[in-house]
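Take a look at the structure below.
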Amino acid sequence: MEEKKAESTNKNAKKANLLDHHSIKHILDESVSEIVTSRGYREDVRLSNLKLILGVVIIVVALVAQFYNKKFPENRDFLIGCIALYPL
1 MEEKKAESTN
11 KNAKKANLLD
21 HHSIKHILDE
31 SVSEIVTSRG
41 YREDVRLSNL
51 KLILGVVIIV
61 VALVAQFYNK
71 KFPENRDFLI
81 GCIALYPL
């Protein structure tokens, strides 16, 4: 009986570099996610998806402002519009 417990703990044992705090955080996040989903709860990733979409929109606005066809004095109004869109 004790051998089965030892084997099951060895199977579920996750290793992390104790000097790397990103590795520790990843293991903790993964463990909490497994525990929560094993109890019947669903993982809600809508907020993460919204953050990714907003990030993509901001990057597109920045790229359009950077590579616009006209030079600086001519595209001043366009740049002001892009800068106004950034916080929104």
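Count the sequence shown with full-length UniProt numbering and you get residues 1 to 88, in order. Glycine included, C-beta positions come from ideal geometry on N, C-alpha and C. None of the values given here were measured: they were computed from a predicted structure.
With DSSP collapsed to three states, give me the class of residue i.
| i | result |
| --- | --- |
| residue 49 | helix |
| residue 25 | helix |
| residue 30 | helix |
| residue 42 | coil |
| residue 20 | coil |
Can you round the beta-carbon distance between residue i and residue j to whole angstroms, since I take them to be within the 8 Å contact cut?
| i | j | result |
| --- | --- | --- |
| residue 59 | residue 86 | About 11 Å separates the two Cβ atoms, so there is no contact after all. |
| residue 43 | residue 37 | 6 Å |
| residue 23 | residue 13 | 15 Å between Cβ atoms; not a contact. |
For residue i and residue j, I'd like the C-alpha separation in whole angstroms.
| i | j | result |
| --- | --- | --- |
| residue 55 | residue 69 | 24 Å |
| residue 61 | residue 75 | 14 Å |
| residue 78 | residue 63 | 13 Å |
| residue 40 | residue 48 | 21 Å |
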